[in-house]
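Comments concern the structure below.
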Amino acid sequence: MTDSNLPEASTAQVERVSFFDEQARRRRGTWRLSLICLTIACLIGAVVSSVISPLLLGLAFSVLHLLRLVGLGIVADWPLHALSTWTGEMLAAVGALLDHIGREPRDNDVSLFPYVRRASGLLVPGMLAGGVIWLLARRMHLGSATTTAIATLAARAPRDDDFEEHQLANIVAETALAAGIPTPALMIIDTPLVNAAAFGRSHEHATVIVTRGLLDRLDRTETQALIADVVASVGAGDLALAASLRAVFTALGLLLTGIDLLIRVKAWRAVGSFLRAAVSGAPQMQALAIARTEEALDPDSMQEGTRVLDLAKRRPLLGSVAVLPFAFVVLAAALQKLLVFLWMALVLGWPLGLLWRTRRYLADASAVQLTRDPDSLVRALNGIASEQSLPEGGKDLAHAFVHAPDRPDGRDGKAYAILSPTPSVEARAARLAAMGARDVPARTPRPMAFYVASTVGSLILAPLLLILFILIAGLTINVVIFSAALGTFIVAAIFGIV
Amino acid sequence: MRWGLLAIAAIAAYAVILFNGLVTRRNRVRNAWAQIDVQLRRRADLVPNLVASVQAYMTHERATFEAVAKARARVLAAGGDVTARAGAEAELGASLRSLLALVEAMPDLKASQNMLSLQEELASTENRIAAARQFYNDAVLDHNNAVGMVPGNLVAALFGFRPEPLFEADVASRALPAVQFAAPTA
Chain A
205 MTDSNLPEAS
215 TAQVERVSFF
225 DEQARRRRGT
235 WRLSLICLTI
245 ACLIGAVVSS
255 VISPLLLGLA
265 FSVLHLLRLV
275 GLGIVADWPL
285 HALSTWTGEM
295 LAAVGALLDH
305 IGREPRDNDV
315 SLFPYVRRAS
325 GLLVPGMLAG
335 GVIWLLARRM
345 HLGSATTTAI
355 ATLAARAPRD
365 DDFEEHQLAN
375 IVAETALAAG
385 IPTPALMIID
395 TPLVNAAAFG
405 RSHEHATVIV
415 TRGLLDRLDR
425 TETQALIADV
435 VASVGAGDLA
445 LAASLRAVFT
455 ALGLLLTGID
465 LLIRVKAWRA
475 VGSFLRAAVS
485 GAPQMQALAI
495 ARTEEALDPD
505 SMQEGTRVLD
515 LAKRRPLLGS
525 VAVLPFAFVV
535 LAAALQKLLV
545 FLWMALVLGW
555 PLGLLWRTRR
565 YLADASAVQL
575 TRDPDSLVRA
585 LNGIASEQSL
595 PEGGKDLAHA
605 FVHAPDRPDG
615 RDGKAYAILS
625 PTPSVEARAA
635 RLAAMGARDV
645 PARTPRPMAF
655 YVASTVGSLI
665 LAPLLLILFI
675 LIAGLTINVV
685 IFSAALGTFI
695 VAAIFGIV
Chain B
612 MRWGLLAIAA
622 IAAYAVILFN
632 GLVTRRNRVR
642 NAWAQIDVQL
652 RRRADLVPNL
662 VASVQAYMTH
672 ERATFEAVAK
682 ARARVLAAGG
692 DVTARAGAEA
702 ELGASLRSLL
712 ALVEAMPDLK
722 ASQNMLSLQE
732 ELASTENRIA
742 AARQFYNDAV
752 LDHNNAVGMV
762 PGNLVAALFG
772 FRPEPLFEAD
782 VASRALPAVQ
792 FAAPTA
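Chains as they are written, first to last, in this note's numbering: chain A, 205 to 702; chain B, 612 to 797.
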């Protein structure tokens with residue numbers, strides 16, 4: 205009796221689920237996490253809007269005044285009047301809010317809210333602009349995804365006279381047929397690593413990229429399982445989702461670039477190529493625009509911005525006077541960037557990572573539906589995970605790959621869990637075991653010391669994190685109110701609005 | 612009066628949605644059938660090629676070749692009739708399997724490059740047929756559920772939507788194939 209139980213004991217003990225139930229569960233998870241991500245992205249957008257809105261207002265006033273100067277007063281008069289009235293109202297609202305904050309004694313929690321609500325109208329132009337920019341950025345990601353991937357991964361078309369590659373083309377066609385999508389294009393990367401990825405605009409214009417190592421080292425059923433995973437991901441609409449998520453970063457990048465315009469020469473180039481790419485739609489141009497726009501998210505861009513202030517060092521007297529207005533802009537840009545970095549790293553990163561992992565689990569469940577062969581998928585995933593398996597240039601495209609190990613040796617660790625866009629192979633194998641895969645080893649139980657250490661660690665970390673979040677929230681609110689107020693006052697002063 | 616009009620408008624809108632849903636499902640079934648058709652034709656097209664490369668090696672197996680040829684002719688004759696086609700295809704599949712079993716017994720033929728790629732094509736085609744059949748049957752199930760259930764059945768009866776036949780897997784192909792179809796592993 206004990207003998208017959210032995211193999212059972214080494215197999216993961218998980219509750220059996222059908223792949224339909226697993227899919228339904230992951231779809232629900234997608235909705236929940238998408239909603240959370242959307243909310244957070246909107247909040248970050250609101251923060252950046254506090255600077256972008258005044259900038260947009262200034263731009264709009266300049267254009268309208270220019271129109272009036274060249275004698276198009278008929279066109280410009282009415283919008284100018286409406287905009288002035290609105291700005292005046294906002295100015296009053298912001299002023300009232302500042303007065304209220306400054307008043308002693310403060311009873312914020314009772315009556316601050318109506319003031320905030322009135323003044324928050326000021327964020328609307330910035331957020332609307334953010335939405336439009338996000339849509340444009342999403343289109344750019346959709347349009348350039350395949351081109352960028354093929355270029356950075358140095359992928360090539362499969363050779364028809366090569367038996368393995370011909371077989372792979374067959375497998376892709378079979379799987380696409382089972383998933384009910386048009387057969388995706390196929391590209392090969394010449395590397396001994398094992399991995400596969402999908403890129404493209406939609407399930408109708410998808411490209412599957414497979415490493416040569418996968419062909420050489422996996423057998424037909426394992427290859428089929430991995431391809432099914434990729435094709436299932438394509439069929440579930442992950443390509444569009446990936447573009448939407450990446451577009452959040454590009455849009456934030458462009459908004460921050462907008463703040464940088466006065467202090468960083470490259471910002472003009474970035475905005476220029478973004479506008480050109482939005483009009484032309486050529487993939488290379490779109491890829492370039494994305495790269496240039498996201499430069500603003502790079503901490504190095506802050507250093508570039510402060511270079512303006514060097515003028516004050518070179519010409520102490522005249523330089524200082526000339527640089528003074530820029531100092532405010534540099535400060536505002538630095539504060540905004542700091543906030544956006546903090547939000548992206550500490551708040552947005554986690555739900556975003558979890559959302560993408562949920563999609564991977566969904567793809568696994570759908571792959572099981574397509575092949576009815578969870579065992580092969582487990583074996584194939586183990587094959588990927590046994591080494592460092594992102595091909596050269598794949599670091600920025602990690603999300604598109606079936607599995608992206610986050611440590612150089614390829615093994616996954618809990619400590620790194622939140623950084624990788626794909627779940628650990630052990631976790632995926634455990635879910636596949638729940639869907640019927642046999643011979644999945646139970647996850648090795650951790651030593652007692654690990655639990656003690658992690659409990660103590662989290663007891664210490666939790667209050668620190670709480671304090672950190674409170675600090676970030678406080679900083680955010682202050683920065684938002686004061687940049688919005690300062691920006692609006694400047695715009696109002698320049699264009700003479702009372 | 613106004614509420615009555617509103618109710619009629621709502622019912623009409625609902626009927627339109629139901630009708631469009633039925634049309635979508637029926638088109639999906641037709642498209643899925645077209646996919647199966649493409650793959651079955653692909654298999655039928657492979658047959659002469661296969662026979663040509665095998666025939667020289669085994670002149671004494673006339674009966675097998677004749678069975679394959681007969682099954683292929685029946686497939687081509689069946690056309691778009693799902694039930695007749697399914698039967699003919701099952702027969703062709705079975706005769707191809709017995710032919711490949713013969714190949715299995717001849718090591719030098721089996722190892723030839725031509726035979727390897729033919730086997731891969733056949734294996735892939737069988738997989739595609741299975742995949743297309745699964746997709747077709749899922750589409751049919753969905754369609755038939757929509758046609759058969761209240762309230763879709765009222766709209767379906769009104770506009771002549773009928774349940775579609777499933778493409779049944781034959782008994783022979785349900786059993787484990789005697790031939791190892793998988794091409795040599797890397």
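No residue lacks a Cβ here, since even glycine has one placed at the ideal position from N, Cα and C.
Label B:F746 either buried or exposed according to how many other C-beta atoms from any shown protein chain fall within 10 Å of its C-beta, with 16 as the threshold for buried.
Burial state of B:F746 is buried, judged by a 10 Å Cβ sphere holding 16 or more other Cβ atoms.
CB of A:M691 within 9 Å of CB of A:S266, strictly
Note that residue 691 of chain A is Gly in the sequence shown, not Met. With contacts defined as CB atoms closer than 9 Å, A:G691 and A:S266 fail to qualify as a contacting pair.
Anyone know if the C-beta pair for A:I467 and A:F545 falls short of 9 Å?
Cβ distance not < 9 Å, so A:I467 and A:F545 don't count as in contact.
Near-chain B residues of the segment 491 to 517 of chain A (beta-carbon distance less than 9 Å), N- to C-terminal order:
Of all residues in the segment 491 to 517 of chain A, none has a Cβ within less than 9 Å of some Cβ in chain B.
Taking B:N660 as the reference, which of B:L713, B:A643, B:N725, B:Y625 has the closest Cα?
The shortest Cα separation from B:N660 among B:L713, B:A643, B:N725, B:Y625 belongs to B:N725.
How close, in whole Å, do the beta carbons of A:A400 and A:L418 come, if the pair is a contact with beta carbons under 8 Å?
Between A:A400 and A:L418, the beta carbon gap of about 6 Å places them in contact (Cβ cut-off 8 Å).
Using a beta-carbon distance cut-off of less than 9 Å, what residues from the segment 375 to 387 of chain A approach chain D?
Protein chains A and B are contained in the structure displayed, whereas chain D is not.
For A:I463, report the span of its beta strand (DSSP E) as first-last.
Premise fails: A:I463 lies in the alpha helix (DSSP H), 442 to 464, not in any beta strand (DSSP E).
List the residues of chain A whose Cβ lies closer than 7 Å to the Cβ of B:Q745, in chain order.
Chain A residues near B:Q745: A382.
Beta-carbon neighbours of B:L727, restricted to chain A and to distances below 9 Å:
Contact note: B:L727 reaches chain A through F367, using a C-beta cutoff of 9 Å and chain order.
Cβ-heavy atom distance between A:E378 and the ligand ADP below 8 Å?
Within the structure as shown, the ligand ADP is missing, as the structure has no ligands at all.
Within this structure, are the beta carbons of B:A655 and B:R696 separated by less than 9 Å?
Taking 9 Å as the Cβ cut-off, B:A655 and B:R696 do not qualify as a contacting pair.
Anticipated Cβ contact below 8 Å, A:P362 with A:A349, distance rounded
About 20 Å; that fails the 8 Å criterion.
Cβ shell of A:A264 (< 7 Å), same chain only, five flanking positions each side left out
The residues are L287.
Starting from the beta carbon of B:N738, find every residue of chain A whose beta carbon is closer than 7 Å, and list them in chain order.
Chain-ordered, the chain A residues with CB closer than 7 Å to the CB of B:N738 read E378.
With DSSP as the reference, identify every bridge partner of A:S406, one or two as the case may be.
Note: A:S406 sits in a beta bridge opposite A:H409.
Suppose the cutoff is 6 Å on Cβ atoms and the five residues either side in sequence are ignored; what does the same chain contact list for A:I676 look like?
Excluding its 5 nearest sequence neighbours in each direction, A:I676 has C-beta neighbours in its own chain below 6 Å: L546, listed in chain order.
May I have the straight-line CA-CA distance separating A:D600 from A:A447, to the nearest angstrom?
One Cα belongs to A:D600, the other to A:A447, and the distance between them is close to 13 Å.
Could you pull the DSSP bridge partners for A:F605 from this structure?
Partner(s): A:A401.
Would you call the segment 553 to 570 of chain A and the segment 407 to 422 of chain A touching, i.e. three or more CB-CB distances under 8 Å?
With the cut-off at 8 Å, the segment 553 to 570 of chain A and the segment 407 to 422 of chain A do not touch.
With distance defined between alpha-carbon atoms, name the residue in A:K470, A:Q488, A:P487 nearest to A:D504.
Among A:K470, A:Q488, A:P487, the Cα nearest to that of A:D504 is on A:K470.
Give a yes or no on contact between the segment 441 to 456 of chain A and the segment 335 to 348 of chain A, applying the rule of three or more CB pairs nearer than 8 Å.
Judged by Cβ distances under 8 Å, the segment 441 to 456 of chain A makes contact with the segment 335 to 348 of chain A, as three or more pairs qualify.
Could one say the Cβ of B:A689 lies closer than 9 Å to chain A's Cβ atoms, at least one of them?
Chain A, which has no Cβ nearer than 9 Å to the Cβ of B:A689, makes this no.
With H, G and I counted as helix, E and B as strand and the rest as coil, what does DSSP make of A:M652?
Helix at A:M652.
Between the beta-carbon of A:G262 and the beta-carbon of A:F699, is there less than 9 Å?
Going by beta carbons, A:G262 and A:F699 fall inside the 9 Å limit.
On a CA-only basis, which of A:G334, A:L316, A:V336, A:I392 is nearest A:A353? Give me that one, please.
Scanning A:G334, A:L316, A:V336, A:I392 for the CA closest to the CA of A:A353 turns up A:I392.
Quick one: which unbroken alpha helix (DSSP H) runs of 4-plus residues sit fully inside the segment 257 to 327 of chain A? Chain order, please.
You should have 277 to 306, 312 to 323.
Is DSSP giving B:R637 helix, strand or coil here?
Three-state DSSP puts B:R637 in a helix.
Candidates B:V751, B:N755, B:M717, of which the one nearest B:Q666 by Cα:
Looking at the Cα atoms, B:M717 is the closest of the given residues.
Drop a sphere of 10 angstroms on the beta-carbon of B:Y625, count the other beta-carbons inside from all chains shown, and report buried for 16 or more, exposed for fewer.
Exposed, by the Cβ-count rule.
If you compare alpha carbons, which of A:R650, A:V695, A:A631, A:V434 is closest to A:A641?
For A:A641, the nearest C-alpha among the options comes from A:A631.
Is the distance from the Cβ of A:L636 to the Cβ of A:R563 below 9 Å?
Not in contact: A:L636 and A:R563 (Cβ atoms no closer than 9 Å).
How about A:L585 and A:L430: do their beta carbons lie closer than 9 Å?
For A:L585 and A:L430, yes; Cβs fall inside 9 Å.
According to DSSP, A:I392 sits in a beta bridge with which residue or residues?
Looking at the DSSP assignment, A:I392 forms a beta bridge with A:R360, A:V414.
With a cut-off of 8 Å on the beta carbons, I'd call B:G763 and B:P774 a contact; round off their distance for me.
Rounded, the Cβ-Cβ distance is 12 Å, inconsistent with contact.
Is there a C-beta anywhere in chain B that falls below 9 Å from the one on A:M407?
A small correction: the amino acid at residue 407 of chain A is His; Met does not occupy that position in the sequence shown. Cβ-Cβ to chain B under 9 Å: no for A:H407.
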